[in-house]
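Notes to accompany the following structure.
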Amino acid sequence: MGAERSNLKVEPDLEPSPPRRWRWKRLLWLPVLFVGISVLQVLALRFIDPPVSSVMVWRYGEALGQGDWRYRLHYQWRDLDQMAPSLPISLVAAEDQRFPEHNGFDLQAIEKARDHNARGGRLRGASTISQQVAKNLFLWQGRSWIRKGLEVWYTVLIEALWPKSRILEMYANIAEFGDGIYGAQAASRQYWNKDASRLSPAESARLAAVLPSPRRYSAAKPGPYVQRRAAWIQRQARQLGGNAYLGED
């Protein structure tokens, strides 16, 4: 009898695991959660000026990872009506001339860029100002299909939830105009020691001319390329109709 008792094993009480179907239902909530969070995120930033952007954080981490402990971010927010009127139209003339007309994606520019790239030579992009805001404000650096899909999603939200003036205001404040220099106010202070409200049309055009390669070109000490491009931007701004093109006086 004693030997029989020693061979008996007591099984621990185990709680039944949830059915696999229930576990899959939980995963289905993740996209719903992401949609809700991203909508609230974009809606909040319609009214709240961001203290930092994703690209600023990424660039700061990159600099520290390379051992550049002296790297500093220069960023000062300014509302659009506190900037020189020549700056917004210069950005539009340089980067996205159909900005007031499209809904976040310029299909004409995409088609032209595709035809140009198919012929070879220097690659040309077709990102709108809205897309650049989505990338700089919310996403990480690099290229992937996931990142591109998120860029499209955030661009749709920005266009749906923000007025055009807010999109342009955000871009003018978070665009990089030099290594570690973000926004027109910081650039104006660093390069010309004055407020963004006092930028001249020529200076506004030079800031726009260094985009999208602000670490390669300098607005403060423009070379031949920046000078030619800045002159072209000023001509384009006049041809578009100046501030009236953006619905301003």
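Quick note: the sequence shown uses the UniProt record's numbering, first residue 1, plus one each step.
Even glycine gets a Cβ: it sits at the ideal position worked out from N, Cα and C.
Note that this is a predicted model, so its numbers are computed, not measured.
Can you list, in chain order, the residues of its chain whose CB lies under 8 angstroms from that of residue i, leaving out five sequence neighbours each side?
i, result
"I158", "V42, G104, S130, V133, A134 and I167"
"Q190", "H74, G178, I181 and A220"
"M56", "L73, Y75, I174 and Y182"
Can you grab the Cα-Cα spacing for the pair residue i / residue j, in whole Å?
i, j, result
"E169", "D81", "9 angstroms"
"P31", "L40", "14 angstroms"
"F177", "A109", "24 angstroms"
"F47", "R143", "30 angstroms"
"R216", "Y225", "11 angstroms"
"G242", "L33", "43 angstroms"
"A237", "A202", "11 angstroms"
"D79", "S218", "24 angstroms"
"Y71", "G61", "10 angstroms"
"L240", "A44", "32 angstroms"
"W145", "E151", "10 angstroms"
"Q66", "T155", "32 angstroms"
"residue 250", "W192", "Shown here, the chain extends from 1 to 249; a query on residue 250 therefore has no answer."
"W153", "R235", "34 angstroms"
"P212", "G149", "21 angstroms"
"A160", "A244", "23 angstroms"
"A126", "R147", "16 angstroms"
So, using beta-carbon positions, are residue i and residue j closer together than 8 angstroms?
i, j, result
"S38", "L139", "no"
"S90", "A220", "no"
"A205", "A196", "no"
"A175", "P88", "no"
"I233", "A94", "yes"
"Q97", "A186", "no"
"W137", "P50", "The identity of residue 137 in the sequence shown is Leu, whereas the question assumes Trp. Contact: yes."
"W58", "Q141", "yes"
"A230", "P222", "yes"
Please classify residue i as buried or exposed, where buried requires at least 16 other C-beta atoms within 10 Å of its C-beta.
i, result
"W162", "buried"
"R114", "exposed"
"V210", "buried"
"V92", "buried"
"residue 274", "Look at the range of the chain in this structure, 1 to 249, and you will see that residue 274 is not part of it."
Output needed for residue i: all residues of its chain with C-beta closer than 7 angstroms, excluding positions within five of it in sequence on either side, in chain order.
i, result
"S188", "K194, D195, A196 and L199"
"T128", "D96, F99, H102, G104, F105 and D106"
"P214", "E176, F177 and G178"
"G227", "Looking at the sequence provided, one finds Gln at residue 227 rather than Gly. Contacts found: none."
"W69", "none"
"residue 256", "The first residue shown for the chain is 1 and the last is 249, placing residue 256 beyond what the model contains."
"A84", "A196, S197, R198, L199 and S204"
With a threshold of 7 angstroms (Cβ to nearest heavy atom), would residue i be considered close to the ligand ADP?
i, result
"A44", "By its list of ligands, the structure shown contains no ligand whatsoever, and the ligand ADP lies outside what it can speak to."
Using C-beta distances below 6 angstroms, list every residue in its chain close to residue i, excluding the 5 sequence neighbours before and after it, in chain order.
i, result
"S86", "P201 and S204"
"G36", "none"
"R26", "none"
Would you verify that the beta carbon of residue i is, or is not, closer than 8 angstroms to some beta carbon of chain C?
i, result
"L211", "Chain labels in this structure do not include chain C; a single protein chain is all it has."
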